[in-house]
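In the working numbering, the protein residues as written are 662 to 767.
These notes concern the structure reproduced below.
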Amino acid sequence: MITVTTLSALSALASPSPALLIALTVAGWVTGVIFVAACIGLWVMSCRAYPYTACPKCDALGRVKHPSGKYWRPCPHCGGEGQRLRPGARLFGTGHNGGKGKGRNR
Ligand SMILES: [Zn+2]
662 MITVTTLSAL SALASPSPAL LIALTVAGWV TGVIFVAACI GLWVMSCRAY
712 PYTACPKCDA LGRVKHPSGK YWRPCPHCGG EGQRLRPGAR LFGTGHNGGK
762 GKGRNR
């Protein structure tokens, strides 16, 4: 039984029919789509669990330093908070920032 199915599978691989090729192509596509969807899902979940990332302009310091190093001002990019909401976290709204009352004035 097993040898018969193996042989038929081998012969199918040796001379692939168009239907088999299409089936394999579709299976590859479905696998790829599922893989990409799983990656996006994991990323979105990670964005929900950890919605903030370090501000790229001030490196999470929240301030921009004068070249002398003595003076600084609040980073205009992140409003002095040193953190940025990740793009995926915007799907869930500003959630964690609600209680702060600082708000974003754009
Ligand atoms: Zn910043």
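Note that beta-carbon positions come from the ideal geometry of N, C-alpha and C, so glycine has one too.
Given the structure is predicted, the values throughout are model-derived calculations rather than measurements.
Listed as beta-bridge partners of L703 by DSSP are no residues whatsoever.
When the five nearest sequence neighbours on each side are left out, the beta carbons in the same chain lying within less than 7 angstroms of the beta carbon of C719 are those of V725, C736, H738, C739, G743, in order along the chain. With a beta-carbon spacing of about 20 angstroms, V694 and L752 fall beyond the 8 angstroms limit used to define contacts.
Judged by DSSP secondary structure, R734 falls within the beta strand (DSSP E) whose first and last residues are 733-735. Nearest Cα to P748 within the set S676, P677, I701, V697: I701.
Approximately 3 angstroms separates the beta-carbon atoms of P712 and A750; this is inside 8 angstroms, confirming the contact.
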